[in-house]
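Here's the structure we're looking at; comments come further down.
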Ligand code: C2O
Ligand code: CU
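In full-length UniProt numbering, the protein residues as written are 27 to 570.
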């Protein structure tokens, strides 16, 4: 059995990477943080104790928390931050999740170091829908900054976006052999020839989608975002911030050692961009050498701007549909929402920019740049406190135009600031079409919804065509995810049944876009008499 209760002490600890050490914010002094284990359907309590110097909240990414938005974590959406010296006990209710998820801080950019894996096993006695692996291995893909991440974040806010690149990508917290002073720490996986390993992979990077591969080996994806998939065997995978993959790895090559590697996929032609590669090693045991090449060769990874490599991988994922793993894709839709997701460029007359905080750039959904309220939306909604949020998040983009062309009249680029939600009737079936745009630096946006998993029923490049495109929807075995990368200059349609009452954030999981306001909030109302309702709030909700 696994622990039913965990203690998460948020505190600083000193870590050395890339030849220098610094204090970072951690949970229990660990980087990456502790792993949470559960069986499907368990409930776990986590006592979060803030012994750091700043406000914090913790989010359980991809855990639906049925009827319990109180424990979800995004600051000023479902709770006020936990102040230094204060505690908050969060009740993590697992329902149908099975596989890999993760938890992370949901305040500013502190999730850069405050994160860890969540591993959810089938119910005791139930098998995996694939042959039992010999061992399981968490693979956490992340980033490292030499500077204090708070300084990076503050500069980002102050300057409106300049420069926010990390100094290294990491595998399980380690930059790997190609970075200075990193060789001794490189993550090494020792394998036995002939055995299979289940990788519990997550991308915790702040701002980059990543490609990952292992030299001479194939990777077989069997799950995404804690939902099983039909096995998909590839030479590489693409994974966006927020996403997780369960991957079977077969140690079936000549006993030797092989590099695993990850590096970013950046769809836009961004000038300042770190193209470096993080590595780890797979070493076969029992092998007496000599190794075939010294140093080992890197695996092939698609080029940093190879959009088709990224969409070919993600677009090939299919849900596992079997006796034990049925799917429930909404066929009829009650509520349609179309949302442009966009970066907005404000004019800067006389060198004074008119964007939020005096910046040139912002981000928006349906041209609304999300502004954090002074009290969390959940408490304002639950206690009927007025003046905190409005319910005017538009169902459609405010202007109809050719979304994927480059040049637009300036008035369309200027977003409105606001805290607007969209209310949804309990149990209605919802479809959201995300329409990407090519403004400024067009880039794929990994869109994440709290409180739900959704089916990705369709996607394409260019403008969404509402008569033609729905004909190509996959309503049979679409992948079920909580985060989907909407292609640059393209669209993606998701569907879900609104059966989890609460206040649920939806946002781009690139931290720079979230900070710029690419967020929206859904309020799913309570059901009627005998239907589901939001649970009462816990007694220790942190005050604002
Ligand atoms: Cu993984 Cu709103 O977050
Ligand atoms: Cu984005």
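Just so it is clear, CB atoms sit at the ideal spot from N, CA and C, and this is done for glycine as well.
This one's a predicted model, so the numbers in the text were calculated from it and none came from an experiment.
- DSSP places residue 539 in the helix class (H, G or I) of the three-state scheme.
- Short note on residue 125: C-beta not closer than 6 angstroms to any heavy atom of the ligand C2O.
- Excluding the 5 residues flanking it on each side, residue 460 has same chain C-beta neighbours closer than 7 angstroms at 365, 367, 473, 512, 517 and 518, in chain order.
- Residue 358 and residue 224 have their C-alpha atoms some 37 angstroms from each other.
- Taking the Cβ atoms as the reference, residue 307 lies roughly 7 angstroms from residue 215, within the contact range of under 8 angstroms.
- In the three-state DSSP reduction, residue 135 falls in the coil class, being neither helix nor strand.
- For residue 536, the distance from the CB to the nearest heavy atom of the ligand CU is below 6 angstroms.
- For residue 128, the secondary structure class from DSSP, reduced to helix, strand or coil, is strand.
- In the structure shown, residue 439 falls within a coil segment according to DSSP collapsed to helix, strand and coil.
- With a contact defined as Cβ atoms closer than 8 angstroms, residue 80 and residue 110 qualify at about 7 angstroms.
- Nearest C-alpha to residue 95 among 567, 209 and 529: 529.
- By the criterion of at least three beta-carbon pairs nearer than 8 angstroms, the stretch 328–340 is not in contact with the stretch 399–410.
- As the crow flies, the alpha-carbon of residue 177 is around 17 angstroms from that of residue 52.
- Residue burial annotation: residue 476 is buried, with at least 16 other C-beta atoms found within 10 angstroms of its C-beta.
- Assignment of beta-bridge partners to residue 416 by DSSP yields 446.
- Here residue 403 carries a helix assignment [DSSP, helix/strand/coil].
- Taking 8 angstroms as the upper bound for CB-CB distance, residue 117 and residue 69 are in contact here, some 6 angstroms apart.
- With a cut-off of 8 angstroms on Cβ pairs, the stretch 159–173 is not in contact with the stretch 81–95, counting fewer than three such pairs.
- A distance below 6 angstroms between beta-carbons, with the five flanking residues on each side excluded, links residue 63 to the following residues of its chain, in chain order: 28 and 145.
- Put simply, the backbone Cα of residue 381 is about 16 angstroms away from that of residue 181.
- For the set 234, 543, 266 and 377, the Cα lying nearest the Cα of residue 339 is the one of 266.
- If you check the C-beta of residue 471 against the ligand CU, you find a heavy atom less than 6 angstroms away.
- The DSSP-derived three-state label of residue 104 is coil.
- Spanning the alpha carbons of residue 104 and residue 565 requires a straight line of approximately 14 angstroms.
- Contact between residue 287 and residue 270 fails: their C-beta atoms lie close to 19 angstroms from each other, not under 8 angstroms.
- DSSP places residue 33 within a strand segment (E or B) once states are collapsed to three.
- Around the ligand C2O, the residues selected by a Cβ distance under 6 angstroms to any of its heavy atoms are 85, 87, 100, 130, 132, 268, 474, 476, 531, 533 and 535, following chain order.
- Placement of the Cβ of residue 351 at a distance of 6 angstroms or more from every heavy atom of the ligand CU is found.
- Distances from the alpha-carbon of residue 361 to those of 454, 75, 488 and 383 put 454 closest.
- For residue 521 against residue 355, the beta-carbon gap comes to about 6 angstroms, under 8 angstroms, which counts as contact.
- In the structure shown, residue 408 adopts helical secondary structure according to DSSP, grouped into three states.
- For residue 523, the enclosing beta strand (DSSP E) begins and ends at 516–523.
- Going by DSSP, residue 176 is part of the alpha helix (DSSP H) stretching over 175–185.
- For residue 46, there is no enclosing alpha helix (DSSP H); the enclosing beta strand (DSSP E) covers residues 46–53.
- Of all alpha-carbon atoms in 90, 250 and 196, the one lying nearest the alpha-carbon of residue 345 is that of 250.
- As computed with DSSP, residue 73 is found in a beta bridge with 33 and 115.
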